[in-house]
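J.: Would you mind keeping the following structure in view while I ask a few things?
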Amino acid sequence: MSPPAQAGLIAALREIVGADRCLAREAELVAWECDGLTLHGSRPSAVVLPRDKHEVARVVRACRRFATPFVARGAGTGLSGGAIALDGGVVIECAKLDRILTVDVENRLAVVQPGVVNAALSAAVRPYGLFYAPDPSSQLACTIGGNVAENSGGPHTLKYGTTAHHVLALELVLPDGELLRLGSPTGFAPGVDLVGAVVGSEGTLGVVVEATVRLTPIPEATETLLAIFPDVVSACRAVGAVITSGLVPAAMEIVDRRTIAAVEASVYAAGLPLDAGAVLLVELDGPAEALPGQVERIRALCAAEGARVERARDEAERERFWRARKGAFGAMGRIAPDLYVHDAVVPRAKLPEVLERVGEICDRRGLRLANVFHAGDGNLHPNISFDRRDPDELARVLAAGREILEACVAAGGVISGEHGIGTEKRDYMCLVFAEDDLDAQRRLRAAFDPDGVCNPGKVLPTPRFCAEANPKARGYDRVPL
Ligand SMILES: Cc1cc2nc3c(=O)[nH]c(=O)nc-3n(C[C@H](O)[C@H](O)[C@H](O)COP(=O)(O)OP(=O)(O)OC[C@H]3O[C@@H](n4cnc5c(N)ncnc54)[C@H](O)[C@@H]3O)c2cc1C
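Residue numbers for the sequence shown, in my numbering: 13 to 493.
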């Protein structure tokens with residue numbers, strides 16, 4: 013953009029939100045240069061912090077007038093480079109849209125602005141005996157707007173589903189600045205499921221300015237078990253055995269030996285055994301009467317795979333286990349300056365073989381791997397610690413990342429479970445989609461955003477890239493689900 017046009021854009025944005033909520037100085041913009049994936053960065057031309065949906069709509073219209081792309085942003089905890097502004101775009105930071113507008117206990121729903129922090133919503137509705145079920149490990153920071161855009165999951169996805177299962181209605185500022193309501197608080201809306209299209213669209217169809225979400229009754233009782241295994245493969249086998257038995261725990265999370273070491277050396281330390289090959293955290297919830305029998309069955313199934321099982325004796329101990337699990341990514345900061353958190357899904361039965369393959373890939377490339385993942389969902393998070401100042405190590409990290417994704421796809425999996433595609437995996441979409449599938453997605457996007465101004469450059473690869481990658485020749489011409 014020419015300097016006069018840039019000055020005109022900033023003046024227009026300041027007129028809408030005021031000078032204090034429109035940041036444009038270099039030093040101010042640094043914090044919005046990347047999200048949780050620090051490998052991908054791009055400085056925006058401005059960051060605006062609107063306070064209501066009408067300001068969002070006016071900001072979008074101003075961007076259009078100056079032919080400038082824009083991207084909505086929540087807390088910036090995304091791990092796929094989704095919330096960065098490419099090509100000098102404007103960041104619409106939703107942090108100040110942080111009000112819970114309605115709590116409807118009878119209908120078990122809440123209407124919230126997009127900047128409401130995930131954990132804050134559950135805390136606010138706890139007095140009514142309710143909670144908001146999707147609980148990403150980043151829930152102390154991430155926002156409902158970001159969760160909707162990424163269709164976020166979390167440790168309790170196994171029983172409660174992802175964000176998509178908890179969104180009833182949305183209000184969206186479309187890329188032309190119009191406000192549009194989708195869905196219905198009843199959960200029943202006639203016609204095409206456009207809420208379903210927006211959830212998981214990674215901010216490419218518009219800016220979510222209001223979400224009506226389902227609230228869930230807090231279960232009568234909860235039991236949390238820590239099964240300590242000699243190695244990660246036997247822990248994976250136990251997960252398969254539990255599911256085969258017909259039990260549906262609320263969560264089944266695996267933390268491997270290297271992750272335990274990092275956690276126990278950090279502020280998240282929970283007394284996890286340092287000599288374990290892996291621990292499996294199993295949470296059961298439901299009617300108090302039903303749980304003791306389920307606990308015993310889980311104990312037996314884990315013991316059959318060589319585990320000893322401990323049970324959280326009280327809420328404080330349960331919270332300590334979960335703090336260790338949810339703090340695991342943060343604790344890995346102790347291993348190296350940089351962390352690449354991968355995210356892919358494989359059929360549960362393939363977990364042992366894929367984890368061995370991931371270990372082999374990282375060993376061969378001399379990389380530091382630690383696994384902590386949503387085992388019940390088959391949702392892997394191979395975490396590679398590295399130092400980006402070492403170009404050789406960085407190249408090995410990126411090459412290993414591609415190999416890991418290819419191994420997951422070859423095992424019948426997909427390239428993301430919950431962190432999204434963003435800029436990170438845009439060029440890997442050809443591993444799981446053929447060109448005509450991608451074209452259908454492009455057409456859906458164009459129906460909302462014909463001019464390509466809303467979070468451009470994310471999710472979908474350029475047609476040329478995919479043609480060159482030739483997915484059919486690679487044998488992946490359909491989503492292998
Ligand atoms: C330590 C850690 C643990 C994590 N654990 C999990 C986990 O267990 N499960 C999981 O699913 N993810 C996890 N994540 C990833 C991340 O927290 C989620 O993707 C989260 O939903 C992002 O929310 P955010 O508010 O930070 O969004 P941002 O990072 O700010 O944005 C993410 C995407 O949402 C879009 N967006 C944001 N707000 C809006 C809006 N109002 N309208 C339209 N689009 C919008 C952005 O454009 C971007 O594409 C983790 C991340 C970290 C750092």
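All C-beta atoms, glycine included, are put in the ideal place defined by N, C-alpha and C. The structure displayed is predicted, hence computed values, not measured ones.
Jot down the residue ranges of each uninterrupted beta strand (DSSP E) in the region 133–192, minimum 3 residues, whole runs only, in chain order.
T.: 179–185
J.: For tyrosine 440, does the three-state DSSP call read helix, strand or coil?
T.: helix
J.: Sorted by chain position, which residues of the same chain lie with C-beta nearer than 6 Å to leucine 493's C-beta, five sequence neighbours on each side aside?
T.: Bear in mind that a pLDDT of 31 at leucine 493, under 50, signals an unreliable position, so the number given afterwards is only what the model happens to contain. Nothing listed; no residue qualifies.
J.: What does the Cβ neighbour count give for histidine 177, buried or exposed, with the cut at 16 atoms within 10 Å?
T.: With fewer than 16 other Cβ atoms within 10 Å, it is exposed.
J.: Excluding sequence positions up to five away, which residues of its chain have a Cβ less than 6 Å from the Cβ of arginine 490?
T.: Since pLDDT at arginine 490 reaches only 42, below the 50 mark, its modelled position is unreliable, and the value read off the structure follows with that caveat. Cβ within range, chain order: n/a, list empty.
J.: Going by DSSP, what residue range makes up the alpha helix (DSSP H) through serine 246?
T.: 244–256
J.: Could you tell me if threonine 114 is buried or exposed, where buried requires 16 or more neighbouring beta carbons within 10 angstroms of its beta carbon?
T.: exposed
J.: Please classify alanine 302 as buried or exposed, where buried requires at least 16 other C-beta atoms within 10 Å of its C-beta.
T.: By the C-beta density criterion, alanine 302 is exposed, having fewer than 16 other C-beta atoms within 10 angstroms.
J.: Does the separation of the CB atoms of alanine 340 and threonine 271 fall below 8 Å?
T.: The answer is yes: Cβ separation under 8 Å.
J.: Extract the residue ranges of the beta strand (DSSP E) inside the region 278–354, only unbroken runs of 3 or more that lie entirely within it.
T.: 290–298, 320–323 and 350–353
J.: Is there contact here, the region 212–223 with the region 258–270, by at least three beta-carbon pairs under 8 Å?
T.: no
J.: Should valine 254 and leucine 313 be called a contact, given that it needs their Cβ atoms to be closer than 8 Å?
T.: yes
J.: Examine ligand 1 and report whether any of its heavy atoms sits within less than 7 Å of the Cβ of proline 187.
T.: no
J.: Would you say the beta carbon of aspartate 47 is closer than 7 Å to some non-hydrogen atom of ligand 1?
T.: True, at least one ligand heavy atom lies under 7 Å from that Cβ.
J.: How would you label threonine 474, buried or exposed, when you count the other beta carbons within 10 angstroms and need 16 or more for buried?
T.: Burial call: exposed.
J.: Can you tell me whether DSSP reads arginine 85 as helix, strand or coil?
T.: strand
J.: When DSSP labels each residue in this structure, what does aspartate 489 get in the three-state scheme?
T.: Legend: pLDDT at aspartate 489 = 43, less than 50; position of this residue unreliable, value from coordinates given subsequently. DSSP places aspartate 489 in coil when its eight states are reduced to three.
J.: When you compare the CB positions of glycine 434 and glycine 94, do they come within less than 8 Å of one another, or not?
T.: yes
J.: Let me check understanding here. Comparing Cα to Cα, which of Gly371, Ile156, Ile96 and Gly388 lies closest to arginine 380?
T.: Gly371
J.: Taking the Cβ atom as the reference point for each residue, do valine 307 and alanine 239 lie within a distance shorter than 8 Å?
T.: Not a contact, by the Cβ cut-off of 8 Å.
J.: Between the Cα of aspartate 243 and those of Glu436, Ile427, Ala97 and Ala382, spot the shortest distance and give me the residue it belongs to.
T.: Ala382
J.: Buried or exposed: which applies to glutamate 405, given that a residue is buried once 16 or more other Cβ atoms fall within 10 Å of its Cβ?
T.: Glutamate 405 should be labelled buried.
J.: For proline 483, which of helix, strand or coil comes out of DSSP?
T.: Note that proline 483 scores 49 on pLDDT, short of 50, meaning its location in the model is unreliable and no value can be drawn from it.
J.: Going by DSSP, what residue range makes up the alpha helix (DSSP H) through phenylalanine 460?
T.: 447–460
J.: Go ahead and label arginine 249 buried or exposed: buried means 16 or more other beta carbons lie within 10 angstroms of its beta carbon, across all protein chains shown.
T.: buried
J.: Can you find the residues in the same chain that come closer than 7 Å, C-beta to C-beta, to alanine 290, ignoring five residues on each side of it along the sequence?
T.: Phe241, Asp243, Val244, Ala247, Ile266, Val267, Asp268 and Arg269
J.: Give a yes or no on whether the C-beta atoms belonging to alanine 274 and isoleucine 156 are separated by under 8 Å.
T.: no
J.: Can we count cysteine 34 as close to ligand 1, meaning its CB is less than 7 Å from some heavy atom?
T.: no
J.: Buried or exposed: which applies to glycine 158, given that a residue is buried once 16 or more other Cβ atoms fall within 10 Å of its Cβ?
T.: buried
J.: Indicate whether the contact test is met: 3 or more Cβ pairs, each with one atom in the region 435–444 and one in the region 454–472, closer than 8 Å.
T.: Verdict: yes, contact present.
J.: Report the rounded CA-to-CA distance for serine 428 versus arginine 330, giving the unit in angstroms.
T.: 29 Å
J.: What did DSSP end up calling alanine 36 once you bin it into helix, strand or coil?
T.: coil
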